[in-house]
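Residue numbers (UniProt numbering): 244 to 607.
Ideal Cβ positions, reconstructed from N, Cα and C, are used throughout, including at glycine.
Taking it in order: structure first as structure tokens, then the write-up.
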Ligand code: F6R
């Protein structure tokens, strides 16, 4: 069932324009320019706090969502790893929405955290890719992604579909709370509708990513940096690379570099910089220049404007389409996935079944 693809992961990366469009179809009403959610049997406008709990890549999707909930709905958001959350003493006030994000819907820690929140009287929202999963069955609000079965152990298409639903959810929530006007909602709908084409444009750079992989493959360590909603993408990029290529990688908020990690920089450490044009571009680029001044080899991932402005002296430049900052995290997922994929292929690792990992972590 891999068709013309060499690995499931590669196929799943390339499916993203289609499955994101498919997912968005059930959350957007393009004609009315509205976000649509499944019928709710609770009043979402009364929710005063959101607690997001997840693991791994799903956790990073939740981190992106925190920016959106805060920006659109001005609602406080807590986020934690399920394995930490369940053994803390989290303060869950009445009127809270607990949101669990999981591709499989079976991750043991996330499921246990869900049951804890349920017992504490939180409203339970579940964002899963497997609609028949354990988590789905326990939801007050079930938000399915329509990514189709994800076979590769490293999550790719489930992540971009999670982001698409989370953007729609945050906007819907903001509208219902009276924090977003219809015109603003229409803008969100418009930008989300642009995501599938932008994902296609990002995928068109596959050959460049493949050509660059041999530059990264010999590295012992790789750093990823980004800011704002693209900071979680730096974490996701690093996770993908470690998982399938076994290269040590870390993601950092770009502004944190000078607080420690910059000490690691020398000519042997490639630094992947995620810097879409937008309000944070200049800030990220100034952190990138600090890295370059210390001999770091930079791979700059940005759009044409960004590469023209800041690309000089970089080891490699990867051009993304110019997109609205809202959809940048979806679009920039593609190059970090492709980079990990091609580095793993050039190292000859088992891309779809990396060592020591299971697709669904149903034990603690
Ligand atoms: C990373 C990856 C894992 C999962 C994590 C949570 O590529 O696949 O980090 O994201 O195990 O799994 P789900 O989303 O099924 O709860």
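Closer than 8 Å by C-beta to residue 546: which residues in its own chain qualify, once you throw out the five before and the five after it? Chain order, please. 519, 520, 562, 563, 564, 565 and 566
So, are the CB atoms of residue 287 and residue 342 less than 7 Å apart? no
In this structure, does DSSP put residue 563 in helix, strand or coil? strand
Under three-state DSSP, which class holds residue 425? helix
For residue 420, which residues of its own chain have a beta-carbon under 6 Å away from its beta-carbon, when the five flanking residues on both sides are left out? 288 and 316
Determine the DSSP secondary structure at residue 493, reduced to helix, strand or coil. strand
Measuring alpha carbon to alpha carbon, tell me which of 276, 270, 284 and 318 ends up nearest residue 293. 318
Taking contact to mean at least 3 C-beta pairs separated by less than 8 Å, is the region 524-542 in contact with the region 490-499? yes
Please classify residue 283 as buried or exposed, where buried requires at least 16 neighbouring CB atoms within 10 angstroms. exposed
Residue 570 (DSSP reduced to helix, strand or coil): coil
Sorted by chain position, which residues of the same chain lie with C-beta nearer than 8 Å to residue 271's C-beta, five sequence neighbours on each side aside? 277, 278, 279, 411, 432, 435 and 436
Nearest CA to the CA of residue 256: which residue from 524, 373, 281 and 402? 402
Closest Cα partner of residue 582 within the set 542, 266 and 548: 542
At a cut of 8 Å, does the region 352-364 reach the region 326-333 through at least three beta carbon pairs? yes
Three Cβ pairs or more, each shorter than 8 Å: is that satisfied between the region 501-517 and the region 584-598? no
What is the rounded straight-line gap between the Cα of residue 352 and the Cα of residue 478? 20 Å
For residue 559, which residues in the same chain have their Cβ closer than 7 Å to its Cβ, ignoring the five residues on either side in sequence? 455, 458 and 542
Tell me whether the beta-carbon of residue 516 lies closer than 7 Å to the beta-carbon of residue 468. yes
Relative to the C-alpha of residue 392, which residue among 375, 408, 385 and 576 is closest? 375
Report the option in 354, 367 and 345 whose CA atom is closest to the CA atom of residue 609. Shown here, the chain extends from 244 to 607; a query on residue 609 therefore has no answer.
Between residue 481 and residue 395, what straight-line distance do the alpha-carbon atoms span, to the nearest angstrom? 17 Å
Closest by CA to residue 407, which one among 259, 578, 321 and 588? 259
Could you tell me the alpha carbon to alpha carbon distance between residue 285 and residue 523, rounded to whole angstroms? 37 Å
Excluding the 5 residues preceding and the 5 following residue 311 in the sequence, name in chain order all residues of the same chain whose CB lies nearer than 7 Å to its CB. 409, 410 and 413
Would you kindly report the start and end of the unbroken alpha helix (DSSP H) that includes residue 380? 377-380
Is the distance from the Cβ of residue 373 to the Cβ of residue 347 below 7 Å? yes
Any heavy atom of the ligand F6R closer than 6 Å to the CB of residue 350? yes
Output yes or no for whether 7 Å exceeds the beta carbon distance between residue 305 and residue 290. no
Output the distance between the C-alpha atoms of residue 489 and residue 380, rounded to the nearest integer angstrom. 36 Å
Note the first and the last residue of the continuous alpha helix (DSSP H) segment covering residue 353. 351-362
Exposure of residue 268, with buried meaning 16 or more beta-carbon neighbours within 10 Å: exposed
Just to confirm the assignment, what range does the alpha helix (DSSP H) spanning residue 528 have? 524-536
From 387, 448, 382 and 575, pick the residue whose C-alpha is nearest to that of residue 266; which is it? 387
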